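Numbering (the working numbering), first residue to last: 25 to 774.
Don't be surprised by glycine CBs; every beta carbon is placed ideally from N, CA and C.
No experiment lies behind these values; they were computed from the predicted model shown.
Beneath this line is the structure, given in structure tokens, with notes to follow.
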């Protein structure tokens, strides 16, 4: 069954037949559930959304009746429809199938289209935009529970139109683009990206006077309505038109290489983009250095996005290091590049990665290096020495400190850009508009926040609740309270702490609990982990997402770096860190144990993808368990992950974590310890210097134990070691013993 929100509310069967949902309240209930994107909606919230301040005498019973009507309508249209409306402790939720809501299908096509080029981009975005039948949630667009999602969808629709127009312009379809933009620039006269496309199309059509007139129109509108000048891109385009410095021919599109799609535009930073772009051809290592929250990562991604395909024909690679420890840096880079343990090149993993990059003209973006500067610097030095055409762009709070490094300081936004960023992020607030009455307050607020993008975005989320003047006053008070804080902290860090402190004070206790516990999941987790590890409800999580304290990305949730550090401090202040990390370890140990049999079945690819996504959390859980003296938990986790490591070709990582688990203090059943030893032996079996001794020790560990499958694997691993040593007779004997056990157990994978 499919649901439509990109226009009037609609429901269709899988065959496309329309489904009638009777009664206005039942349709409102369906709209409310769809507006929450599959998340549970509490009963009291649904009652308020349906009846406002005049609820029925028995609100819960009446709501249940409406739910029953909705289930009946869905069940009558298609088998299994009743189960789509689920109920649990957190409330009611609509469990549509993947791609079962047109808004989700649109989002997926938009993401694919933003990464495609030329005609392929146009085709994908055409398909995405054909899904729209009118304004999102048309008949409910002004209701409180729909308004945020409707606004987000409308913005995404406009983004899709802009991306398609840019691609069509690159294909030379300037007249078609001008026709499409004619109505849009009337509806959105101050949207600068639209105006940039319009001016380029007019210039390419040979209509310089019209392009200059269009610029003057938007310049005047920005000055009169917002009190700001055109941004650098629009102003630069205007100057180029005056100089007749543009090429009328279409610009060639190029693929976006292995970079995440950005859902919001970069505000400002045109000078920085140009300067860093000029550095990369001559400087093989450029480090963007600056305080947390200043926008180093966003700038690095924008630089990489603009990098010339001609200069970097072998691509752009992003390696996120925030979740790594020093030992994990080579593994993270190798994983991003797809370098396996058995890749050519010999030596250690960094050596094999260097060999893979040796002849490539590529850009490697190393993001968040500050907590492992030495490891990142050592790796960068080796890669640059081995690959003469490689460029590295790093982000860090401090320089890497190696020869040839060019440090580029990333500072705060200039005041006009800070105002533009704040206004853009606050525009989602109902009724907000930058005007003469609030312009001074906004400018003062941006100055107080030092123009830090993270601080501006956090503050902008409160405009809807407080208004600009109240917001500025509250922030003033908060800075005054914190002005006597630690004098040895950098000023920018104190300012950022004040912003997050202030956001914390505005949270209720349920949201505070979830936020501080999310510190152990900071670099990304699925929804079930939030519930099981943090013990919070999904309403609290949704509120944290709305307030920009938690980032939601394709069904996963993470904390911004500075927010994560703050949350960890709060977690420790509450005395909860050990208990929450124990729950974290239990949750991911259970996940690994569920995955282990799945890796030997028809859902292997699905489980591999799931474990890839959760790899940082699984490593953290194993390290915590080993460090806590929870030897059994650490070994069970390592045992469950060993087949995954083997399939992914990451035997070095497996050996490291199996050894860590085996060295952990604390009791563990002999069978669990023997299995871990067998896996460690197996991962070492191809190394003639240590494979056979380890395997022999592993076999002795099974003495007196009823572990036939693990013993058979140990025999197999030892057989591999004998093969490597050239002892084919012993190899054959051990293979036969292992094979007999696997046949007796019915283990086809063995």
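- By the criterion of a C-beta distance shorter than 6 Å, residue 114 is surrounded in its chain by 64, 561 and 562, once the five residues flanking it on both sides are discounted.
- Exposure of residue 84 is indicated by the presence of fewer than 16 other C-beta atoms within 10 angstroms of its C-beta.
- When only Cα atoms are considered, residue 637 and residue 364 end up about 17 Å apart.
- It is roughly 24 Å from the alpha-carbon of residue 31 to the alpha-carbon of residue 71.
- The alpha-carbon of residue 134 is positioned some 37 Å away from that of residue 401.
- Between residue 466 and residue 447, the C-beta gap is smaller than 8 Å, which places the two residues in contact.
- Taking C-beta separations shorter than 7 Å and ignoring five residues to either side along the sequence, the partners of residue 356 in its chain run 343, 345 and 348, following chain order.
- Annotation for residue 84: the continuous alpha helix (DSSP H) segment containing it runs 83 to 101.
- Across the structure, residue 254 and residue 559 are spaced so that their CA atoms are roughly 47 Å apart.
- Within the model, the alpha-carbon separation for residue 479 versus residue 670 is close to 44 Å.
- A check of alpha carbon separations from residue 399 across 474, 353 and 437 identifies 353 as the nearest.
- A straight-line Cα-Cα distance of about 18 Å links residue 139 and residue 386.
- Contact between residue 29 and residue 58 holds: CB atoms are separated by about 5 Å, below the 8 Å threshold.
- Residue 125 has its alpha-carbon roughly 24 Å from the corresponding atom of residue 555.
- If you draw a 10 Å sphere on the C-beta of residue 60, you find 16 or more other C-beta atoms in it, and that means buried.
- Residue 530: not part of any beta strand (DSSP E); DSSP gives it neither H nor E.
- Where residue 396 is concerned, there is no enclosing beta strand (DSSP E), because DSSP gives it neither an H nor an E.
- With respect to the C-alpha of residue 540, the residue from 599, 482, 566 and 484 having the closest C-alpha is 599.
- In the DSSP assignment, residue 667 falls within the alpha helix (DSSP H) that extends over 655 to 671.
- Leaving aside the five residues that flank residue 585 on each side, the residues in its chain whose CB is nearer than 7 Å to its CB run, in chain order, 316, 346 and 392.
- With contacts defined as CB atoms closer than 8 Å, residue 325 and residue 432 fail to qualify as a contacting pair.
- DSSP places residue 129 in the uninterrupted alpha helix (DSSP H) bounded by 126 to 139.
- With at least 16 other beta carbons inside 10 angstroms of its own, residue 235 counts as buried.
- In the DSSP assignment, residue 558 is bridged to no other residue.
- A residue is called buried once 16 or more other Cβ atoms fall within 10 Å of its Cβ, and residue 205 is buried on that count.
- Residue 618: not part of any beta strand (DSSP E); member of the alpha helix (DSSP H) spanning 601 to 622, first to last residue.
- Annotation for residue 117: the continuous beta strand (DSSP E) segment containing it runs 115 to 118.
- Rounded to whole angstroms, residue 79 and residue 171 show a C-alpha spacing of 22 Å.
- The shortest CA-to-CA distance from residue 532 to any of 521, 544 and 564 is the one to 564.
- In this structure, the CA atom of residue 119 is about 33 Å from the CA atom of residue 646.
- Rounded to the nearest angstrom, the Cβ distance from residue 33 to residue 53 is 11 Å, too far for a contact under 8 Å.
- Contact between residue 445 and residue 437 holds, with the beta-carbon distance rounding to 6 Å and staying under 8 Å.
- Fully enclosed beta strand (DSSP E) runs of no fewer than 3 residues occupy 340 to 344 of the segment 311 to 379, in order along the chain.
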